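Position one of the sequence shown corresponds to residue 0 (numbering that gives the first Met the number 0), numbered consecutively onward.
We put the CB at the ideal spot given by N, CA and C, even for glycine.
Note that the structure is predicted; figures quoted are calculated from it, not measured.
Below is one structure; the comments refer to it alone.
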Amino acid sequence: MSAGSATAPGATLGVLGGGQLGRMFVHAAQRLGYRCVVLDPDPDSPAGRVAERHLHADYLDEPALDTLASAASAVTTEFENVPALALRRLAERVPVAPGASAVATCQDRALEKALFQRCGVPCAPHAVIDGESALAAAPDALLPGILKTAQLGYDGKGQRSVDDRDQLADAWRQLGAVRCVLERRLDLAFEISVVLARGIGGALVSYPPFRNLHRDGILAVTQWPATQIDGARTSAADAAARAIAQALDYVGVLCVEFFVDRQGTLYANEMAPRPHNSGHCTIDACDVSQFEWQVRTMARLPLPAPRVHSNAVMLNLLGDLWRDGVAPDWHDVLALPGAHLHLYGKLQARPGRKMGHLTLTAASATAADALAREAAQRLGLPAW
Numbered sequence: 000m001s002a003g004s005a006t007a008p009g010a011t012l013g014v015l016g017g018g019q020l021g022r023m024f025v026h027a028a029q030r031l032g033y034r035c036v037v038l039d040p041d042p043d044s045p046a047g048r049v050a051e052r053h054l055h056a057d058y059l060d061e062p063a064l065d066t067l068a069s070a071a072s073a074v075t076t077e078f079e080n081v082p083a084l085a086l087r088r089l090a091e092r093v094p095v096a097p098g099a100s101a102v103a104t105c106q107d108r109a110l111e112k113a114l115f116q117r118c119g120v121p122c123a124p125h126a127v128i129d130g131e132s133a134l135a136a137a138p139d140a141l142l143p144g145i146l147k148t149a150q151l152g153y154d155g156k157g158q159r160s161v162d163d164r165d166q167l168a169d170a171w172r173q174l175g176a177v178r179c180v181l182e183r184r185l186d187l188a189f190e191i192s193v194v195l196a197r198g199i200g201g202a203l204v205s206y207p208p209f210r211n212l213h214r215d216g217i218l219a220v221t222q223w224p225a226t227q228i229d230g231a232r233t234s235a236a237d238a239a240a241r242a243i244a245q246a247l248d249y250v251g252v253l254c255v256e257f258f259v260d261r262q263g264t265l266y267a268n269e270m271a272p273r274p275h276n277s278g279h280c281t282i283d284a285c286d287v288s289q290f291e292w293q294v295r296t297m298a299r300l301p302l303p304a305p306r307v308h309s310n311a312v313m314l315n316l317l318g319d320l321w322r323d324g325v326a327p328d329w330h331d332v333l334a335l336p337g338a339h340l341h342l343y344g345k346l347q348a349r350p351g352r353k354m355g356h357l358t359l360t361a362a363s364a365t366a367a368d369a370l371a372r373e374a375a376q377r378l379g380l381p382a383w
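Structure, rendered in structure tokens:
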């Protein structure tokens, strides 16, 4: 993506992917006066239904990619597993952010960890398992550990917990004997994420860290700003995320997730080349959301430092809440002060499917947490 003048409102911006992240991107772009075209194979995708134009096609459909390149002034992606080949084809004709090489790195855990190490960012001790010999040579010091597929793993998918070498061998074969990464299991205190935006000229802005609680590998609760992490570790996480973005020559919104162990040591876990579930708090608790940042980086607009005006807790709303296919009664939840409900327009609820999120904002972290706990109780969500 080359430098140039700003793309003024009224132009069309393109996005590969029609899920909820694409939908929120479209809303942010439209508020700034842009039109949107979405390419997604789902004929009824959440983003496609709110965009001005929906190209119903596979991500590698060449005529559809050509149409997208002709229609859009710039193109982004809303999920990390879009084929890098599609981004490379688009980049021949239209600015693309983030670029194919950065997305390809984010798609591969082994490449990610190699990047972290080149940037001097600590990550969990690990080894790449890409065959029988690598399996046999895996160090005993990595056990007990977590075996993860190198590619196409998200929300806890493609992962197995292993305690010994027999379990490791069984897990690798259960995962299809594909290329994997074995990570030593850490004694974790909590997990955080840093979301940043980097423009084409190198301008870089970031939010304070988010604290995240996962259940069954899926983000369940985010607290923001993360009062549990001190200033030194906040600065270290921010500096690490910025170093990674600089090394990638990244353009767009990037999330870097970190583990914090019980000794307070930070370890980079993984990154996402897009807005992140944890960053949804920014819609209601900050003067500029991560989705507006995504628009600004594509359109070469200024990236002023964000101003956080509220404390927030975000609750992920999965399809499990739609009992027997019936949506929850939102009345009692929306009676709470500072309750912001975001539903993604998905027509079919399934267990584990992200259907929406609820953000509770307040003047203090304690008050936001209390509101979120009350909302969780009213919805029948587990406490934390």
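Distances from the alpha-carbon of Ala71 to those of Arg92, Arg117, Thr221 put Arg92 closest. Contact annotation: the region 239-259 touches the region 84-102, with at least three C-beta pairs closer than 8 Å. Within the region 233-293, the complete alpha helix (DSSP H) segments at least 4 residues long are 281-284, listed from N- to C-terminus.
The region 217-225 and the region 265-283 touch, with no fewer than 3 CB-CB distances between them shorter than 8 Å. About 17 Å separates the CB atoms of Leu380 and Gly337; that is not less than 8 Å, and the two are not in contact. Relative to Ile228, the option among Leu167, Asn211, Ile199 whose CA is nearest is Asn211.
Ala136 and Ala238 have their C-alpha atoms spaced approximately 34 Å apart. Scanning the region 132-211 for uninterrupted beta strand (DSSP E) segments of 3 residues or longer gives 144-148, 158-161, 179-183, 187-197, 203-205, listed from N- to C-terminal end. The residues Leu146, Thr148, Gly157, Arg159, in chain order, have a CB closer than 8 Å to that of Leu174 in the same chain once the five nearest residues on each side in sequence are set aside. Check the Cα spacing between Lys112 and each of Trp171, Asp65, Leu181, Pro138: the tightest is with Leu181. Around the beta carbon of Arg30, fewer than 16 other beta carbons sit within 10 angstroms, so the residue counts as exposed. The C-alpha of Ser44 lies about 12 Å from the C-alpha of Val36. In the same chain as Leu64, and ignoring 5 residues on each side of it, the C-beta atoms closer than 7 Å to its own belong to Ala85, Arg88, Leu89, in chain order. The three-state reading of DSSP puts Lys112 in helix, counting H, G and I together. Counting other Cβ atoms within 10 Å of its Cβ, Gln116 stays below 16 and is therefore classed as exposed. Listed in chain order, the alpha helix (DSSP H) elements of length 4 or more contained wholly in the region 27-92 are 61-70, 83-90. The Cβ atoms of Phe209 and Leu20 lie no closer than 9 Å to each other. Per DSSP, the continuous alpha helix (DSSP H) segment holding Gln376 begins and ends at 364-378.
Between Pro42 and His53, the gap from beta carbon to beta carbon is short of 9 Å. Exclusion of the five residues before and after Ala244 leaves Leu195, Arg197, Leu203, Leu253 as the residues of its chain whose Cβ lies within less than 7 Å of its Cβ. When the alpha-carbon of Ser363 is set against those of Val127, Gln150, Ala242, His308, the nearest one is in His308. With contacts defined by Cβ atoms closer than 9 Å, Glu79 and Cys118 do not form a contacting pair. Note on geometry: alpha-carbon atoms of Ala188 and Phe257 lie some 11 Å from one another. The beta carbon of Val25 is closer than 8 Å to those of Val14, Cys35, Val37, Ala46, Val49, Ala50 in its chain, skipping five residues each way along the sequence. Residue range 99-105 is occupied by the alpha helix (DSSP H) that includes Val102. In the three-state scheme derived from DSSP, where H, G and I count as helix and E and B as strand, Gly119 is classed as coil.
In this structure Val102 is not in contact with Val120, their Cβ atoms being roughly 19 Å apart against a cut-off of 8 Å. At a Cβ-Cβ threshold of 9 Å, Leu185 and Val161 do not count as neighbours. Beta-bridge pairing by DSSP links Trp223 to Ala311.
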